[in-house]
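Asks: Starting off with a structure, shown below.
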Amino acid sequence: MEDVRLHTRKAVPRLVALTLLIGLSVAGNAQAVTLFSENFEGYASFPNYDPFLDPVNSGIAQISEGANEVWYGARFETPDNGSINDDLAIQKFGGFLTTNNTHTGRVEDDAGMLFKIDTTGLSSVNLSFDWRTFLTTTNDRFVVGYHVGPIAGFGTCSGEGEAGCFADLRTSLPWYTDQNDLNPTATGNWTQLLRASQSNSWTNQSYTLGNDANNQSEVWITFWMDNGEGDYAKFDNVLVTAVPEADTYAMLLAGLGLVGYTVSRRKRTLG
């Protein structure tokens with residue numbers, strides 16, 4: 001009987017240690033998956049000029065035109081004029097004499113472009129992108145953030161700029177309680193990641209979304225321009241990644257293995 005107990009005492013820490021090693025091995029090999037990637041480089045046609053001598057493809061990003069992903073368009077505050085689609089474009093050059101002369105998304109006049117991701121079974125959602133503004137004035141702000149859950153205003157959208165790709169969110173899902181204010185109060189409908197003014201050079205931003213964005217069937221991420229008729233916010237190289245939650249479980253498994261080993265060792269010492 002003593003031999004059995006001795007064998008068990010030896011086997012338990014070995015098993016716990018093996019569990020620890022397996023957990024650490026799985027967690028160490030965690031690989032982020034790409035949920036969304038857009039650089040607008042598929043665009044080849046820029047038939048319009050807005051402003052003068054600045055070639056653009058007017059309207060929301062469309063797959064048939066060269067977009068990689070499905071984009072939606074929305075109005076967040078009362079514009080000076082025009083439709084949502086009038087205030088969206090893909091610009092041929094990010095800006096002369098800047099670090100980005102590739103194609104970029106562009107928004108103005110309280111309109112924005114959004115996309116939807118599914119984070120079911122995923123965590124550690126990370127958003128990265130490049131951005132700059134152009135011709136901005138005192139009250140203009142480039143705003144980036146996300147909303148968790150469905151947005152009722154949108155319909156069926158295949159990424160071709162059909163009616164279901166657009167929604168007026170000014171009253172149904174407003175961003176701020178006091179629109180067009182220089183220092184507005186957030187409603188809580190959206191989680192704001194960035195609110196920035198003038199930047200005539202390109203900047204890279206990276207954010208890890210909150211835990212509320214983990215394991216969700218719908219998370220909406222948006223880029224929009226607060227105010228800014230004829231003043232532009234540009235964005236490019238949009239990338240969203242996340243980590244499978246199995247990796248979180250592996251870390252937990254490794255932690256439990258470490259605790260188990262400590263307890264087992266303590267029992268042997270007391271015995």
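Under the working numbering, the sequence shown has 11 at position 11, and the numbering climbs by one with no breaks.
In this text, a Cβ means the ideal position worked out from N, Cα and C, and glycines have one as well.
The model shown is predicted, which means the values in this text are computed figures rather than measured ones.
According to DSSP, what are the bridge partners of residue 146?
Replies: Per DSSP, 191, 221.
Asks: So, using beta-carbon positions, are residue 81 and residue 109 closer together than 9 Å?
Replies: yes
Asks: Taking the straight line between their C-alpha atoms, what separation do you get for residue 171 and residue 214?
Replies: 27 Å
Asks: Starting from residue 131, follow its DSSP beta bridges and name the residues at the other end.
Replies: Answer is 203, 235, bridged to residue 131.
Asks: When you compare the stretch 145-154 with the stretch 51-69, are there three or more beta-carbon pairs, one atom per stretch, that lie closer than 8 Å?
Replies: Touching, no.
Asks: Count the other CB atoms within 10 Å of the CB of residue 227; is the residue buried (16 or more) or exposed (fewer)?
Replies: buried
Asks: Using the beta-carbon count (16 or more within 10 Å), is residue 57 buried or exposed?
Replies: buried
Asks: Starting from residue 37 and walking both ways along the beta strand (DSSP E), at which residues does that stretch end?
Replies: Per DSSP, the unbroken beta strand (DSSP E) holding residue 37 starts and ends at 33-38.
Asks: Can you tell me whether residue 38 is buried or exposed, with buried defined as 16 or more other CB within 10 angstroms of its CB?
Replies: buried
Asks: Do residue 153 and residue 163 have their beta-carbon atoms positioned less than 9 Å apart in this structure?
Replies: Cβ atoms of residue 163 and residue 153: not closer than 9 Å.
Asks: In whole angstroms, what separates the C-alpha of residue 181 from that of residue 69?
Replies: Rounded to whole angstroms, the gap between the alpha carbons of residue 181 and residue 69 is 33 Å.
Asks: Give the DSSP-derived three-state secondary structure of residue 50 in the structure shown.
Replies: coil
Asks: Excluding the 5 residues flanking residue 122 on each side, which residues of the same chain have their C-beta closer than 8 Å to its C-beta?
Replies: 33, 35, 214, 215, 242, 243, 244, 245.
Asks: In this structure, what does DSSP give as the bridge partners for residue 116?
Replies: 220
Asks: Just to confirm my understanding: we take residue 125, look at its own chain, exclude 5 residues before and 5 after, and list those with CB closer than 6 Å. What are they?
Replies: 119, 209, 213, 242
Asks: In angstroms with no decimal places, state the Cα-to-Cα distance between residue 230 and residue 160.
Replies: 25 Å
Asks: Apply the 10 Å Cβ neighbour rule to residue 53 and answer buried if 16 or more other Cβ atoms are within range, or exposed otherwise.
Replies: exposed
Asks: Here's the rule: buried if 16 or more other CB atoms are within 10 angstroms of the residue's CB, otherwise exposed. What is residue 204?
Replies: exposed
Asks: Comparing alpha-carbon positions, which option in 186, 130, 178 lies nearest residue 106?
Replies: 130
Asks: Out of curiosity, what's the CA-to-CA distance linking residue 41 and residue 103?
Replies: 6 Å
Asks: Taking the C-alpha atoms as reference points, what is the distance between residue 78 and residue 31?
Replies: 43 Å
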